[in-house]
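Every position in the sequence shown, counted from 1, becomes a number in my numbering once 4 is added. Data first, discussion second: the structure below is written as structure tokens.
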Amino acid sequence: MSNFQQQISDCMPDLWRYAFALTRNRDAADDLLQDAVERAWRKRAMWEPTGTVKAWAMKVLLNTYRTQLRAPARRHATAPLEDIAQTVPAADTLDDQLALAETARAMATLPEEQREALLSVVVGGLSYKDAAATLDIPIGTLMSRLGRARAALKAAMQPVESPVS
């Protein structure tokens, strides 16, 4: 197995989680991942060894997703973003699953650019540098989007205090 092939294979779970977070549908995530990996394989000569294969593959996946969004015939019905809670291995307890579902609901309300930034770093596991390169934005812009996304999530997830009678 080539080094490139091994590196792609190693990041497949992260790529699938990122695809699922983008599409919110298991079948669509599978299709997106397959299309993106095929595209990455065909264009592997374009990968520059100065960056990580994972970051490059995430960018290919995101670009493939954006291309699919522009082609209405290829759209799949989406499941609620809360379903991502079922894909995270750490969600062992019911409380963990409920917290993840609440987080996913709040993430669904974020603007697309903030959600993509957050998913790249949190779900995709990319460094700020790699996430910024994946999204074709400066690191400062990524950090601003992450800050706004985190603030919005924090506000959305604050418990509502009921007035005392």
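Beta carbons: idealized from backbone N, C-alpha and C, even for Gly. Bear in mind the structure is a predicted one, so any value in this text is a computation, not a measurement.
Q. Is the Cβ-Cβ distance between Val-126 and Arg-21 less than 7 Å?
A. Mapped onto the sequence shown, residue 126 falls at position 122. Mapped onto the sequence shown, residue 21 falls at position 17. Cβ atoms of Val-126 and Arg-21: not closer than 7 Å.
Q) Skipping 5 residues on each side, what residues in its chain have a beta carbon closer than 7 Å to that of Asp-18? A) Position 14 of the sequence shown, counted from the start, is the residue given in the question as residue 18. For Asp-18, same chain residues with a beta-carbon under 7 Å away, outside a window of 5 residues either side, are Lys-58, Gly-128 and Gly-129 in chain order.
Q | Beta-carbon proximity check, Met-146 vs Ala-121, cutoff 7 Å | A | As a first step, residue 146 is located in the sequence shown; it is residue number 142 there, counting from the start. As a first step, residue 121 is located in the sequence shown; it is residue number 117 there, counting from the start. The amino acid at residue 146 is misidentified as Met; the sequence shows Leu. Against a cut-off of 7 Å, the Cβ pair of Ala-121 and Leu-146 comes out as a contact.
**Q.** Check whether Lys-63 and Thr-138 have beta carbons under 7 Å apart
**A.** As a working mapping, residue 63 is identified with position 59 in the sequence shown. As a working mapping, residue 138 is identified with position 134 in the sequence shown. Their beta carbons are under 7 Å apart, which means Lys-63 touches Thr-138 by this criterion.
**Q.** Span of the alpha helix (DSSP H), counted from its first residue to its last, around Asp-34
**A.** For the purposes of this step, residue 34 is identified with residue 30 of the sequence shown, where counting begins at 1. Run containing Asp-34: 30 to 46, per the alpha helix (DSSP H) assignment.
Q) Could you give the C-beta distance for Gln-118 and Arg-152, rounded to a whole number, given that I count them as a contact under 8 Å? A) In the sequence shown, the residue the question calls residue 118 occupies position 114. In the sequence shown, the residue the question calls residue 152 occupies position 148. Right, the Cβ-Cβ distance comes to about 6 Å (below 8 Å), so this counts as a contact.
Q. Under the rule that 16 or more other beta-carbon atoms within 10 Å means buried, what is Gln-38, buried or exposed?
A. Counted from its first residue, the sequence shown places residue 38 at position 34. So Gln-38 counts as exposed.
Q) Contact check, Gln-72 vs Leu-98 under 8 Å by CB: the rounded distance? A) Here residue 72 refers to the residue found at position 68 of the sequence shown. Here residue 98 refers to the residue found at position 94 of the sequence shown. Not a contact, Cβ separation roughly 34 Å.
Q) On the premise that Ala-136 lies in contact with Pro-142, defined as a C-beta separation below 8 Å, what is that separation, rounded to the nearest angstrom? A) Along the sequence shown, one-based indexing puts residue 142 at 138. Along the sequence shown, one-based indexing puts residue 136 at 132. Right, their Cβ atoms sit about 6 Å apart.
Q: Spatial neighbours of Met-50 within its chain, please: CB distance less than 6 Å, with the 5 preceding and 5 following residues excluded, ordered by chain position.
A: Numbered from 1 along the sequence shown, position 46 holds the residue referred to as residue 50. Annotation for Met-50: no residue places its beta carbon closer than 6 Å to its own, counting only its chain and skipping 5 residues before and after.
Q. Leu-102: buried (16+ other C-beta within 10 angstroms of its C-beta) or exposed?
A. Mapped onto the sequence shown, residue 102 falls at position 98. Per the 10 Å Cβ criterion, exposed.
Q: Please classify Ser-124: is it buried, with 16 or more other beta-carbons within 10 angstroms of its beta-carbon, or exposed?
A: One-based indexing of the sequence shown puts residue 124 at position 120. Burial call: buried.
Q | Buried/exposed call for Arg-149, threshold 16 Cβ in 10 Å | A | For this step, residue 149 is matched to residue 145 along the sequence shown. Looking at its Cβ environment, which holds 16 or more other Cβ atoms inside 10 Å, Arg-149 is buried.
Q. What residues in its chain sit with their C-beta under 7 Å from that of Arg-43, if we drop five residues either side in the sequence?
A. For the purposes of this step, residue 43 is identified with residue 39 of the sequence shown, where counting begins at 1. Within the same chain, Arg-43 has close Cβ partners Val-64 and Thr-68.
Q | 8 Å contact criterion, which Ala-159 and Leu-114 should meet: CB distance rounded | A | If you number the sequence shown from 1, residue 159 lands on position 155. If you number the sequence shown from 1, residue 114 lands on position 110. Incorrect: roughly 11 Å between the Cβ atoms, too far for contact.
Q: Can you say whether Arg-74 is buried or exposed, counting buried as having 16 or more other CB atoms within 10 angstroms of its CB?
A: If you number the sequence shown from 1, residue 74 lands on position 70. By the 10 Å Cβ count, Arg-74 comes out exposed.
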